[in-house]
Ligand SMILES: Cc1ncc(C[n+]2csc(CCOP(=O)(O)OP(=O)(O)O)c2C)c(N)n1
Ligand code: SF4
Ligand code: SF4
Ligand code: SF4
Ligand SMILES: [Mg+2]
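Chains as they are written, first to last, in the working numbering: chain A, 262 to 558; chain B, 410 to 502.
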């Protein structure tokens, strides 16, 4: 690099403040220019730092897809699982060692399409985990097939004349299945997103945050929406913050207003709490509460 | 810095200032930092980086408020800000 020019421009090279959470040796990452997934990772890193949870107690699980690459870029215990199976993998981790804070970080196609069944049942059982779902409205990595989140009329490689299938409203799905924390933000709302992730990290039970994110190369290009920057401007002009909104009313139409905010924040016994409570009731003193492997502390 | 109303504690006011760090070859030229900096501190340069993108440069270093929005919104982890040593700033009223 041209040192003189660097100095002239007032630019200095040092360590990025998040190097304790990111695997800098793997950066630059694979994501396209103006793709928003990297912003979601930053928000997560900020939230993790704020939450004060010891980093060796956090694990991140991703599935497959562009969004599914996140697990490979965080300097935490992380696993890149098979397509759609991040939630069951995280369930196994949590039950194997309940002291862990399990975070699933993956895409809409992965979590809601291929892994939809795991999603609804984990929410129903209130399995203790935080699910961060990057919603770019499409199966991006494989060339832009129609997803369960693709808005009506949007163009994808498998709906070249426009989508006629009704998409899922993710907060409504999570709410009706029993999630205890449900929020939606776009990656433009970096600060609010980071605060929301911090809040959800400190919550017990199944928490879900939908992160609306530009996919410049596939979704934006197929739909002639410009670059990721154009989509960021679109979010700026068309997002409405409405905390506590009725989740039934959160459908997203093609290039229509997007309601964001925190919609659900409630308490419900988690899977492990229910397991312990019930068995204590049935077996009395004979039951030894399950708290994970005895690691001497 | 200009104020629309002169604060009563103007003489004690300390405005934080940031020093911007850019890893030019990590940047993919998305311009998010340029677009969303509230003080118009950054601008994309004409220079090409190793990947062929135009990284930003610091156009108005004195204006930086150390809000770190550029750092937070950069999808490439290519820009960040550290707080400059505190100095008493001249303030226009
Ligand atoms: C079992 C299985 N089926 C299909 C695939 C192909 N596949 C890889 S990534 C992907 C789409 C992922 O979409 P999403 O989760 O939305 O992530 P994005 O790329 O949009 O971030 C698909 C279908 C696979 N890897 N494994
Ligand atoms: S294809 Fe889309 S989602 Fe994948 S990295 Fe590129 S812009 Fe991001
Ligand atoms: S810290 Fe804030 S004011 Fe300074 S360059 Fe970044 S966005 Fe602009
Ligand atoms: S936000 Fe990051 S990648 Fe985008 S132009 Fe600025 S420094 Fe480059
Ligand atoms: Mg997707």
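Using N, Cα and C, we set each Cβ at its ideal position, and we do this for glycine too.
Are the beta-carbon atoms of residue i and residue j separated by less than 9 angstroms?
i, j, result
"residue 502(A)", "residue 521(A)", "yes"
"residue 447(A)", "residue 519(A)", "yes"
"residue 475(B)", "residue 425(B)", "yes"
"residue 389(A)", "residue 536(A)", "no"
"residue 288(A)", "residue 457(B)", "no"
"residue 380(A)", "residue 513(A)", "no"
"residue 553(A)", "residue 359(A)", "yes"
"residue 328(A)", "residue 367(A)", "yes"
"residue 483(B)", "residue 462(B)", "no"
"residue 282(A)", "residue 393(A)", "no"
"residue 529(A)", "residue 439(A)", "yes"
"residue 326(A)", "residue 401(A)", "yes"
"residue 469(A)", "residue 444(A)", "yes"
"residue 464(B)", "residue 438(B)", "yes"
"residue 322(A)", "residue 362(A)", "no"
"residue 294(A)", "residue 489(A)", "yes"
"residue 432(B)", "residue 450(B)", "no"
"residue 371(A)", "residue 347(A)", "yes"
"residue 280(A)", "residue 491(B)", "no"
"residue 426(A)", "residue 403(A)", "no"
According to DSSP, what are the bridge partners of residue i?
i, result
"residue 514(A)", "Partner(s): none; residue 514(A) has no beta bridge."
"residue 523(A)", "444(A)"
"residue 400(A)", "406(A)"
"residue 341(A)", "323(A)"
"residue 553(A)", "According to DSSP, residue 553(A) bridges with nothing at all."
"residue 489(B)", "430(B)"
"residue 466(B)", "452(B)"
"residue 367(A)", "394(A)"
"residue 283(A)", "335(A)"
"residue 417(A)", "420(A)"
"residue 214(A)", "Outside the displayed range of chain A (262 to 558) lies residue 214(A), so it cannot be described from this structure."
"residue 589(A)", "As shown, chain A starts at 262 and ends at 558. That puts residue 589(A) outside it, with no answer to give."
"residue 502(A)", "521(A)"
What is the C-beta distance between residue i and residue j, in whole angstroms, given that I count them as a contact (C-beta under 8 angstroms)?
i, j, result
"residue 407(A)", "residue 364(A)", "With a Cβ gap of about 28 angstroms, residue 407(A) and residue 364(A) do not count as contacting."
"residue 330(A)", "residue 290(A)", "7 angstroms"
"residue 377(A)", "residue 332(A)", "Not confirmed; about 20 angstroms, so no contact."
"residue 515(A)", "residue 356(A)", "The Cβ separation is near 40 angstroms, so there is no contact."
"residue 297(A)", "residue 475(A)", "5 angstroms"
"residue 465(A)", "residue 531(A)", "6 angstroms"
"residue 508(A)", "residue 436(A)", "4 angstroms"
"residue 420(B)", "residue 460(B)", "Not a contact, Cβ separation roughly 48 angstroms."
"residue 416(A)", "residue 483(A)", "5 angstroms"
"residue 441(A)", "residue 386(A)", "With 8 angstroms as the limit, residue 441(A) and residue 386(A) do not qualify as a contact, their Cβ atoms being about 12 angstroms apart."
"residue 448(B)", "residue 472(B)", "4 angstroms"
For residue i, is the beta carbon positioned less than 8 angstroms from some heavy atom of ligand 6?
i, result
"residue 328(A)", "Of the ligands one can find in the structure shown, namely ligand 1, ligand 2, ligand 3, ligand 4 and ligand 5, none is ligand 6."
(message) Would you call the segment 439-450 of chain B in contact with the segment 472-479 of chain B, where contact means no fewer than 3 C-beta pairs closer than 8 angstroms?
(response) Touching, yes.
(message) Three or more C-beta pairs under 8 angstroms: does that hold for the segment 487-501 of chain A against the segment 413-426 of chain A?
(response) No, they do not touch.
(message) Any C-beta of chain A within less than 7 angstroms: which residues of the segment 433-449 of chain B qualify?
(response) Of all residues in the segment 433-449 of chain B, only 433, 434, 435, 437, 438, 439, 440, 441, 444 place a beta-carbon less than 7 angstroms from a beta-carbon of chain A.
(request) Pair every Cβ in the segment 457-467 of chain A with every Cβ in the segment 307-326 of chain A, then say whether three or more of these pairs are closer than 8 angstroms. (result) The segment 457-467 of chain A, when compared against the segment 307-326 of chain A, does touch it at the 8 angstroms Cβ threshold.
(message) When you compare the segment 288-302 of chain A with the segment 343-352 of chain A, are there three or more beta-carbon pairs, one atom per stretch, that lie closer than 8 angstroms?
(response) Contact between the segment 288-302 of chain A and the segment 343-352 of chain A is absent: fewer than 3 CB-CB pairs across the two stretches fall below 8 angstroms.
(request) Count the CB pairs spanning the segment 449-456 of chain A and the segment 430-437 of chain A that are closer than 8 angstroms, and state whether there are at least three. (result) Short answer: they don't touch.
(request) Report the residues of the segment 487-498 of chain A with a CB closer than 7 angstroms to any CB of chain B, ordered along the chain. (result) Contact annotation: in the segment 487-498 of chain A, residues whose CB is within less than 7 angstroms of a CB in chain B are 489, 490, 493.
(request) Give, in chain order, every residue of the segment 481-496 of chain B whose Cβ lies closer than 7 angstroms to some Cβ of chain A. (result) Under the 7 angstroms Cβ criterion, the segment 481-496 of chain B contributes 481, 482, 484, 485, 486, 489.
(request) Residues of the segment 275-286 of chain A with a CB closer than 8 angstroms to any CB of chain B: list them in chain order, please. (result) Of all residues in the segment 275-286 of chain A, 275, 277, 278, 279, 283, 285 have a Cβ within less than 8 angstroms of some Cβ in chain B.
(request) Taking only beta carbons into account, state which residues of the segment 359-372 of chain A come closer than 7 angstroms to chain B, listed in chain order. (result) Across the segment 359-372 of chain A, no CB contact with chain B closer than 7 angstroms is found for any residue.
(request) Report the residues of the segment 444-467 of chain A with a CB closer than 9 angstroms to any CB of chain B, ordered along the chain. (result) Hits within the stretch, in order: 448, 449, 451, 452, 455.
(request) Mind checking the segment 317-340 of chain A against chain B and listing, in chain order, the residues whose C-beta falls within less than 7 angstroms of any C-beta there? (result) Correct list: empty, as no residue qualifies.
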